[in-house]
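Visitor: Protein chains in written order, with my numbering: chain L, 1 to 121; chain A, 1001 to 1121. My structure is below; once you've seen it, I'll send some questions.
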DNA sequence: TTGATCGGTAAGCCGTGGTTTACTGTTAGT
DNA sequence: ACTAACAGTAAACCACGGCTTACCGATCAA
C-alpha cells in the first residue's frame, strides 16, 4: 500500500539518479552527491524522501551515513504493477471472448472500428 | 527508455486514478471523469499525459473517444524495475561474498572493518 | 439546419516541491 | 582542546504542473 510513495519518489529524475547510484552497493551521502549537478543538501533531502518511501535505509558509520537500497519499496511497487497487469490482461481476455463487437485487441492494428456501441451510463 | 514518462505519469494520484479507471476496459472520457473530483478538462489533460507515456491509447468513436490501457508503457516500467531489481540483488550477493568491501570510501583507505553490519534478506 | 452531446485546447491561477545558501550538530584526528 | 570532515535542517526562492473557466470544433439526433 506504500507504492504511492515509492512511485512518487522515483518520479523525479534527480532523485532517481540518486537512487540509482546506490544500485551497486551502499554509499555515504557525499559520495552520492559527487558528480551530480545538485548540491549535497539537495541529495540529503532526496535521500530522506527515498527513505520514507521505503526505498533506501541508512546506517551510521562514524560521521558518515551509509545509504543502501531497501527491498521493501521496490517490492511494493512491483506488486502494484503486477496486480494491475493481471487485471488488464483479464479485462482484455473478457473483452476478446465476450464482447466481440468491441474494439481492437491491441495486437491487431486498425480494427474494424464498428461503431454500434451504445453508451452506458 | 520511456519508463521515465510512465513513472512520471503514474506519480500523480489523480492521474493514477484516471488510469485505474481503465483497468476494466475501454471508457469514454466523460465516463472516466464521472465520480472524480476534478473536471472533465482535467481528465482530458491527464489522459493526454498518459497517452504520451504510452500508457493509454485513444480510438475515435463518433463524438466520443474511447481510451484504453496500452501495454507498452507498463512493460517499459516493469522492465526498468526488473533490471534494477537484478542489479540490486547482484550487489547484495557480491557484498555478502566479499565480506563487504569498502566500495564506499576513497577518502578513508580501507579502515579497519570496524562495525559493519550486513543485512541480507 | 438546429440543437445537444462529447471532448480537446488556451489561458491563467496557485499550491507543491526541488534547489540553494546558511547554519547546526556530531564524530574523527591531531 | 581545537579543527576538519560529514551530513541533516531551516528558510527562502521560483519554476513547474495540476486545476479551473471559457471557448472551440466535431458529430449525432430531431
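Ideal Cβ positions, reconstructed from N, Cα and C, are used throughout, including at glycine.
Cα separation between residue 133 (chain L) and residue 54 (chain L)?
Guide: Since the displayed chain L opens at 1 and closes at 121, residue 133 (chain L) lies outside it and no answer follows.
Visitor: Going by DSSP, name the residue or residues bridged to residue 1066 (chain A).
Guide: Answer by DSSP bridge pairing, in chain order: A:1028 and A:1059.
Visitor: For residue 1008 (chain A) and residue 1097 (chain A), what's the separation of their Cα atoms in angstroms?
Guide: Cα-Cα distance, rounded: 36 Å.
Visitor: Touching or not, the segment 27-37 of chain L and the segment 63-75 of chain L, by the rule of three or more beta carbon pairs under 8 Å?
Guide: With a cut-off of 8 Å, the segment 63-75 of chain L and the segment 27-37 of chain L count as touching, because enough Cβ pairs lie within range.
Visitor: Start and end of the alpha helix (DSSP H) containing residue 1083 (chain A)?
Guide: Start and end: 1071-1097.
Visitor: Which residue from L:81, L:90 and L:86 puts its Cα closest to that of residue 4 (chain L)?
Guide: Looking at the Cα atoms, L:81 is the closest of the given residues.
Visitor: Which class does residue 43 (chain L) belong to by DSSP, given the choice of helix, strand or coil?
Guide: Note: residue 43 (chain L) maps to helix in three-state DSSP.
Visitor: Please confirm whether residue 1078 (chain A) has its beta-carbon closer than 7 Å to some beta-carbon of chain L.
Guide: Judged by the 7 Å Cβ criterion, residue 1078 (chain A) is in contact with chain L.
Visitor: Give me, in chain order, the residues of the same chain whose beta-carbon lies closer than 7 Å to that of residue 61 (chain L); leave out the 5 immediate sequence neighbours on both sides.
Guide: For residue 61 (chain L), where only same-chain residues beyond five positions count, there are no Cβ hits under 7 Å.
Visitor: For residue 1092 (chain A), which option in L:15, L:12, L:22 and L:13 has the closest C-alpha, if you only look at C-alpha atoms?
Guide: Considering only alpha carbons, the answer is L:22.
Visitor: Across the segment 1011-1020 of chain A and the segment 1039-1051 of chain A, are there enough close Cβ pairs to call them in contact, namely three or more that are closer than 8 Å?
Guide: In short, these stretches touch, since the Cβ pair count reaches three.
Visitor: Which value, in whole angstroms, describes the spacing of the CA atoms of residue 1050 (chain A) and residue 63 (chain L)?
Guide: Approximately 44 Å, taken between the alpha carbons.
Visitor: What distance in whole Å lies between the Cβ atoms of residue 6 (chain L) and residue 76 (chain L), which are believed to be in contact at a cut-off of 8 Å?
Guide: Indeed, because the Cβ distance is near 6 Å, the residues count as touching under 8 Å.
Visitor: Interface residues of chain A around residue 91 (chain L) at Cβ under 7 Å?
Guide: 1023, 1024 and 1025, listed in chain order.
Visitor: Can you tell me which of A:1031, A:1002 and A:1036 puts its alpha carbon nearest to the alpha carbon of residue 1014 (chain A)?
Guide: The shortest Cα separation from residue 1014 (chain A) among A:1031, A:1002 and A:1036 belongs to A:1036.
Visitor: Got a sec, what are the start and stop residues for the alpha helix (DSSP H) residue 10 (chain L) sits in?
Guide: Residue 10 (chain L) -> no alpha helix (DSSP H), and no H or E assigned at all.
Visitor: Check the Cβ-Cβ distances between residue 58 (chain L) and every residue of chain A, and say whether any is below 7 Å.
Guide: Cβ-Cβ to chain A under 7 Å: no for residue 58 (chain L).
Visitor: Cα separation between residue 1041 (chain A) and residue 39 (chain L)?
Guide: Near 38 Å, if we compare the C-alpha coordinates of residue 39 (chain L) and residue 1041 (chain A).
Visitor: Thinking just about the alpha-carbon of each residue, which of L:32, L:89, L:78 and L:85 is nearest to the one in residue 58 (chain L)?
Guide: Of L:32, L:89, L:78 and L:85, the residue nearest in Cα terms is L:32.
Visitor: Whose Cβ in chain A lies nearer than 8 Å to the Cβ of residue 8 (chain L)?
Guide: Under the 8 Å cutoff, chain A gives 1011.
Visitor: Below 8 Å on the Cβ atoms is my contact criterion, and I expect residue 85 (chain L) with residue 1094 (chain A) to pass it. Report the Cβ-Cβ distance as a whole number of Å.
Guide: That belief does not hold up - the Cβ atoms of residue 85 (chain L) and residue 1094 (chain A) are roughly 30 Å apart, past 8 Å.
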